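Undergrad: First to last, the sequence lines map onto chains A and B.
If you use this note's numbering, the first sequence corresponds to residues 1 to 411, in order.
If you use this note's numbering, the second sequence corresponds to residues 412 to 822, in order.
The C-beta atom is built at its ideal place from N, Cα and C for all residues, glycine as well.
The model shown is predicted, which means the values in this text are computed figures rather than measured ones.
2 protein chains.
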Amino acid sequence: MINDFQVKLERYAALAVEVGVNVQPGQTLVVTAGISSAPFVRMVVKKAYEVGAKNVHVEWNDDTVTRTKYELAPDEAFTEYPQWRAQGWEDMAKDNAAFLSIIAANPDLLKGIKPERIANANKAAGIALKTWRSYTMSDKVSWSIVAVPSMDWAAKVFPDVAPEQQEDALWDAIFAATRINEPDPVASWKQHIETLDTKASFLNEKKYFALRYTGPGTDLTLELAPGHIWISAGSENAKGDIFVANMPTEEVFTAPLRNGTNGVVSSTKPLSYGGNLIKDFSLTFKDGKVVDIQAEEGLEVLKNLIGTDDGAAFLGEVALVPHRSPISDTNITFYNTLFDENASCHLAIGKAYAFCIEGGKEMNEEQQTEAGLNTSLVHVDFMIGSAELDIDGIRADGSAEPLMRGGNWAI
Amino acid sequence: MINDFQVKLERYAALAVEVGVNVQPGQTLVVTAGISSAPFVRMVVKKAYEVGAKNVHVEWNDDTVTRTKYELAPDEAFTEYPQWRAQGWEDMAKDNAAFLSIIAANPDLLKGIKPERIANANKAAGIALKTWRSYTMSDKVSWSIVAVPSMDWAAKVFPDVAPEQQEDALWDAIFAATRINEPDPVASWKQHIETLDTKASFLNEKKYFALRYTGPGTDLTLELAPGHIWISAGSENAKGDIFVANMPTEEVFTAPLRNGTNGVVSSTKPLSYGGNLIKDFSLTFKDGKVVDIQAEEGLEVLKNLIGTDDGAAFLGEVALVPHRSPISDTNITFYNTLFDENASCHLAIGKAYAFCIEGGKEMNEEQQTEAGLNTSLVHVDFMIGSAELDIDGIRADGSAEPLMRGGNWAI
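(1) What number of angstroms, rounded off, separates the C-alpha of A459/B from the C-alpha of H57/A?
(2) Checking 9 angstroms against the spacing of the C-beta atoms, do L814/B and L622/B come in under that value?
(3) Is the CB-CB distance between N276/A and D390/A below 9 angstroms?
(4) Among residues of its own chain, excluding the 5 on either side of M1/A, which ones have a beta-carbon nearer than 6 angstroms to its beta-carbon?
(5) I'd like to know whether the C-beta atoms of M247/A and T178/A end up nearer to each other than 9 angstroms.
(6) Using beta carbons (cut-off 9 angstroms, strictly below), is M562/B in contact with chain A?
(7) For a contact meaning CB atoms closer than 9 angstroms, what does T547/B contact in chain A?
(8) Look at N408/A and H323/A and say whether their C-beta atoms are less than 9 angstroms apart.
(9) What's the gap between the Cα of A679/B and the Cα of N753/B?
(10) Quick one: what does DSSP say G727/B is sitting in, helix, strand or coil?
(11) Tell me the start and end of each unbroken alpha helix (DSSP H) in the region 733-802 of chain B that is at least 4 residues and wholly inside, in chain order.
(12) Could you pull out every residue in the same chain whose Cβ sits closer than 8 angstroms to the Cβ of V552/B, ignoring the five residues on either side in sequence?
(13) Scan the region 2-35 of chain A and note each continuous beta strand (DSSP E) run of 3 residues or more that stays entirely inside, going in chain order.
(14) Using Cβ-Cβ distances below 9 angstroms, what residues of the region 11-24 of chain A are close to chain B?
(15) When you compare each of T632/B, D720/B, F692/B to L713/B by their alpha carbons, which one comes out closest?
(16) In the DSSP output, what is P248/A paired with across the bridge?
(17) Counting only beta-carbon atoms, is E487/B nearer than 9 angstroms to chain A?
(18) Do you know offhand how far P216/A's Cα is from G227/A's?
(19) Name the DSSP bridge partner or partners of K697/B?
(20) Whole alpha helix (DSSP H) runs in the region 62-146 of chain A with 4 or more residues, listed along the chain?
(21) In chain B, what lies closer than 7 angstroms to T462/A by C-beta?
(22) So, at 8 angstroms on beta carbons, what are the nonlocal neighbours of K697/B in its own chain, with the 5 sequence-adjacent residues on each side left out?
(23) Pull the bridge partners of D219/A from the DSSP assignment, please.
(24) Can you tell me which residues form a DSSP beta bridge with R405/A?
(25) Could you tell me the boundaries of the alpha helix (DSSP H) in which E605/B lies?
(26) Between the Cα of G550/B and those of K534/B, E773/B, N592/B, N472/B, spot the shortest distance and give me the residue it belongs to.
(27) Using a Cβ-based criterion (distance less than 8 angstroms to any ligand heavy atom), does D519/B qualify as near the ligand FAD?
(28) When the cut-off is 9 angstroms and only beta carbons count, does M1/A lie next to chain B?
(29) To which residues of the same chain is I180/A closer than 6 angstroms at the C-beta, ignoring the five residues directly before and after it?
(30) Taking V252/A and W230/A to be in contact with their CB atoms under 8 angstroms, please state how far apart those CB atoms are, rounded to whole angstroms.
(31) Helix, strand or coil, according to DSSP, for R453/B in the structure here?
(32) Which value, in whole angstroms, describes the spacing of the CA atoms of F586/B and L614/B?
(33) Taking only the alpha-carbon atoms, compute the straight-line gap between P115/A and F334/A and give it to the nearest angstrom.
(34) Establish whether the CB of H468/B and some CB of chain A are separated by less than 9 angstroms.
(35) Which residue wins for smallest C-alpha separation from R42/A, given the options P737/B, T477/B, E634/B?
(36) Using the C-alpha atoms, what's the distance from E491/B back to L15/A?
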């Protein structure tokens, strides 16, 4: 049993390194991870050197240290972000490093903390890391996000499981979602990417003018950016290396037109943001902009997020995910966007990915804005899919055709 | 029992924060630590915020990740150090941050690694961090080093103790050496610093021209820098805050004259350097410079260290420690310089501390050199004290008086 787990863990590390960020010989790999994920991080580091990495730079963090800061530091500590640190990320991106985030977030980490502190800290980081983010958000460099369980996270996902089995239960769910249980995970991923590519190609041929969403609490029309491109799992960096930015991934996604969203949309899963949960919320849009915000839980956190800057009140991503998928079939709410967004159609408020429109990778931010893309310091996905969601594709002539029915593909 | 340990641990964290680096309200504290030291680090972080720190920046590392790099990375990875990281240390020092190193080093961490890799990495770091080190080595900023056990380190120190009790045994030894077992550790430290100050004052009045060491394998004469100042435990940063750079500390120390050392000196304890042990070694000096190197173990590592740069072949510190001290009374070889150097007279090869001569804190490196101080990228202490070591103080007129006999103060 232990051996079996070790084998899966090593497969997962290999998948993250070889398929996720796809580390190339001579490249630097930057890993961000919590210290509770050390056993997995060490496997990733070893694997990266084995495939030829020149250097693996691990940026460790610790939830307890983070929480202590939010509880005890003076307010001014949350309005600054070290310039040298931002410079470091930028230098490494310029040097074509690959960036792997290993997340294990406790969804309640910052529960009870003043929302202004969280908003200020995220904004300060967003401003400082803007240049670095332009590298990942244009796919100039390879980047990927994978998750490993932490005790707090596992307890949140499996409150009815005995405490000593919660982490194992979450590992099982993660291994299932990332195809680690299959005989040849790398081959399974290749096949999976091809399947998603088929959907993206279909949508790219259709060139819909807009999408219309209808469901409980949702009646939204969203125009797509001119020249938009639907993207699936496999991305390509500036050097031509293929990487997979999210593992798992079940989505195809593109960029909406900044000012083209109207109507109301309701969340269908809790959103974990900034160490807090935002639940049962709805957003009303007029000409692209959020004009009303409702939430049963986490309203202040959501308001602060949307108030980060001008662009945080507009959409930056539209993603289609069938309601039936390996992840949603587990029937688990992960309280973690990496999983929950891949079990559900979703949108993102904030910055659009430049690579989602023709020629976008080469555009600076001003050109992106002219092309109709939203820009912002933030990019936060939220889940809107369910078994009761219908989506129509709207052609330029205003005619509609069914795209999803009852949450699943109608094509 | 557990409670008692927790109480001691919290006292130790408080001592490190309030006496060691003496964190001031509004100040940033930079902590470097291994992830295995997390429980202690978290206490330090909490304590620092409680006494008013604006921010605590923790730079984590992991022995396994470090070892994996030395085993698997290509050679070129060891000749570079990230500029942005060096800039970060410099920025924080400029901003008057305090620097606390929490060490838990495995003395055999890099055993079997090619010595060139270790030497190259240390040299690259030394060059990149030169400006930052000028802040600590001139006491412009507060800095301190404390130790906590790790499993590997404890196993090395207590090979005959049952494995599950080794860490506890090392904690006991550390608590004893740092006066944590006494009813009021902060008061004990104040008294201890006063006692050491008495010795430093005596030596500062004597203004010896040189020291002469005689013992088994040792016959050395070492001239002191003109205007030298003997320093004891309490240091003062540029703002006038008092801090204690090493905990424990039993030494009084000053700077030798760069070109004034002649004769031979033999080590009396193993030296842990760069993850390797160097044992039973001797150095022969002519006009300050090492002209012969012998070692029973670790010769290559020692040769690489002394070959780092010109100054690595000259002395930068001379420290007097009685053979009878709380640490040496434990009769434990710690395989860790922080402890072993405080149970034994020692010297350091490499850079001298600028604050060890009159006006030194305000001198740039060129002025320090003119004043007779050694400069180098390295500063590495090694132990030469024993129950058989005699030291004479030599006056300017050549006359001698006994300073230490049989390893203990003769004054």
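TA: Based on what the coordinates show:
(1) Locating residue 459/B in the second sequence gives position 48, where the first residue counts as 1. Locating residue 57/A in the first sequence gives position 57, where the first residue counts as 1. So the alpha carbons of these two residues sit roughly 27 angstroms apart.
(2) As a working mapping, residue 814/B is identified with position 403 in the second sequence. As a working mapping, residue 622/B is identified with position 211 in the second sequence. Result yes, Cβ atoms of L814/B and L622/B sit closer than 9 angstroms.
(3) Looking up residue 276/A in the first sequence gives position 276. Looking up residue 390/A in the first sequence gives position 390. No.
(4) Locating residue 1/A in the first sequence gives position 1, counting from the first residue. Per-residue confidence for M1/A stands at a pLDDT of 49, beneath the threshold of 50, marking its modelled position as unreliable; the derived number appears in the next sentence. Around M1/A: no qualifying Cβ.
(5) Start at 1 with the first residue of the first sequence, and residue 247/A comes out as number 247. Start at 1 with the first residue of the first sequence, and residue 178/A comes out as number 178. Contact: yes.
(6) For the purposes of this step, residue 562/B is taken as residue 151 along the second sequence, with counting starting at 1. Not closer than 9 angstroms to any Cβ of chain A, the Cβ of M562/B fails to qualify, so no.
(7) Taking the first residue of the second sequence as position 1, residue 547/B is located at position 136. Within 9 angstroms Cβ-Cβ: nothing; T547/B doesn't reach chain A, min ~18 angstroms.
(8) What you label residue 408/A is simply residue 408 of the first sequence in a count that begins at 1. What you label residue 323/A is simply residue 323 of the first sequence in a count that begins at 1. For N408/A and H323/A, yes; Cβs fall inside 9 angstroms.
(9) Against the second sequence, residue 679/B aligns to sequence position 268. Against the second sequence, residue 753/B aligns to sequence position 342. Rather than Ala, the amino acid found at residue 679/B in this sequence is Thr. Whole-angstrom Cα-Cα distance: 13 angstroms.
(10) Locating residue 727/B in the second sequence gives position 316, where the first residue counts as 1. The answer is strand: DSSP assigns G727/B an E or B state.
(11) 737-740, 748-751, 776-781
(12) Start at 1 with the first residue of the second sequence, and residue 552/B comes out as number 141. The answer, listed in chain order, is A504, N507, A508, A509, F510, Y546, N648, A649.
(13) 28-34
(14) none
(15) Translated into the one-based positions of the second sequence, residue 713/B becomes position 302. The candidate whose alpha carbon is nearest that of L713/B is F692/B.
(16) As a working note, residue 248/A is residue 248 in the first sequence. In DSSP, P248/A forms no bridge with anything.
(17) Here residue 487/B corresponds to residue number 76 of the second sequence, with the count starting at 1. For E487/B, the answer is yes, since a Cβ of chain A falls inside 9 angstroms of its Cβ.
(18) Numbered from 1 along the first sequence, position 216 holds the residue referred to as residue 216/A. Numbered from 1 along the first sequence, position 227 holds the residue referred to as residue 227/A. Looking at the backbone, the Cα of P216/A and that of G227/A are separated by about 31 angstroms.
(19) On the second sequence, position 286 is the one that residue 697/B refers to. Partner(s): K700/B.
(20) 63-72, 83-94, 115-128, 130-137
(21) Only positions 1 to 411 of chain A appear in this structure, which leaves residue 462/A out of reach.
(22) Within the second sequence, numbered from 1, the residue matching residue 697/B stands at position 286. Correct list, in chain order: N673.
(23) Translated into the one-based positions of the first sequence, residue 219/A becomes position 219. BP columns for D219/A point to T214/A, V264/A.
(24) Along the first sequence, one-based indexing puts residue 405/A at 405. Bridge partners of R405/A: N408/A.
(25) Within the second sequence, the letter at position 194 stands for residue 605/B. 596-617 is the span of the alpha helix (DSSP H), which, as asked, contains E605/B.
(26) Here residue 550/B is taken as the residue at index 139 of the second sequence, counted from 1. Note on identity: in this sequence residue 550/B is Asp, with Gly being the wrong assignment. Taking only the C-alpha atoms, the option nearest D550/B is E773/B.
(27) With respect to the ligand FAD, the structure offers nothing, as it holds no ligand at all.
(28) Stepping through the first sequence from its first residue, residue 1/A is reached at position 1. Note that M1/A scores a pLDDT of 49, beneath 50, so its modelled location is shaky; the value from the coordinates is reported in the next line. No - not a single Cβ of chain B is within 9 angstroms of the one on M1/A.
(29) Numbered from 1 along the first sequence, position 180 holds the residue referred to as residue 180/A. Correct list, in chain order: K8, R11, Y12.
(30) The count along the first sequence starts at 1 and reaches residue 252/A at position 252. The count along the first sequence starts at 1 and reaches residue 230/A at position 230. So it is a contact: roughly 5 angstroms between Cβ atoms.
(31) Position 42 of the second sequence holds residue 453/B. It is helical.
(32) On the second sequence, position 175 is the one that residue 586/B refers to. On the second sequence, position 203 is the one that residue 614/B refers to. Those two C-alpha atoms are separated by around 30 angstroms.
(33) One-based indexing of the first sequence puts residue 115/A at position 115. One-based indexing of the first sequence puts residue 334/A at position 334. Between P115/A and F334/A, the C-alpha separation is close to 23 angstroms.
(34) Within the second sequence, numbered from 1, the residue matching residue 468/B stands at position 57. By this cut-off, H468/B is an interface position.
(35) As a position in the first sequence, residue 42/A is number 42, starting the count at 1. It is T477/B whose Cα lies nearest to the Cα of R42/A.
(36) Here the question's residue 15/A lines up with position 15 in the first sequence. Here the question's residue 491/B lines up with position 80 in the second sequence. Cα-Cα distance, rounded: 29 angstroms.
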